[in-house]
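Numbering (this note's numbering), first residue to last: 1116 to 1260.
Take a look at the structure set out below.
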């Protein structure tokens, strides 16, 4: 009977030892599993950051190229506008008209009186007189438009 008790005690001891080993193995697996999850998440985050940096670089390159193309287009259009403006130089009659307006203005006539005498729109006369007075005040010269 003692032998039976001894066998029962030994089997219980072995069962408890087996249970203890199983619990330690399970806890190690959980630790390794969580470490694996953290490692895979870190790799995923690193990969996302690299892709984000690549996309950012592509976007900045695209924006710079677009800005350069737009500035070139603006320069071309400005050159075209200057050349068409120079081609459409002021007609001779208009320059004579402006000279008459300026002479009458220097003599002290008001824009309304000048418009009546020369039979020109009051707005046009007022604009020319106003622009000339602004030019004189800015440059402190006595030139004509």
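The beta carbon of each residue, even a glycine, is placed where N, CA and C say it ideally should be.
With fewer than 16 other Cβ atoms inside 10 Å of its own Cβ, residue 1160 counts as exposed. When the five nearest sequence neighbours on each side are left out, the beta carbons in the same chain lying within less than 7 Å of the beta carbon of residue 1240 are those of 1216, 1226, 1229 and 1230, in order along the chain. If you look at residue 1229, you'll find it in the alpha helix (DSSP H) that goes 1226-1233. Counting the other CB atoms within 10 Å of its CB gives residue 1220 a total of 16 or more, which places it among the buried residues.
Taking C-beta atoms as the reference points, residue 1212 and residue 1235 count as a pair closer than 9 Å.
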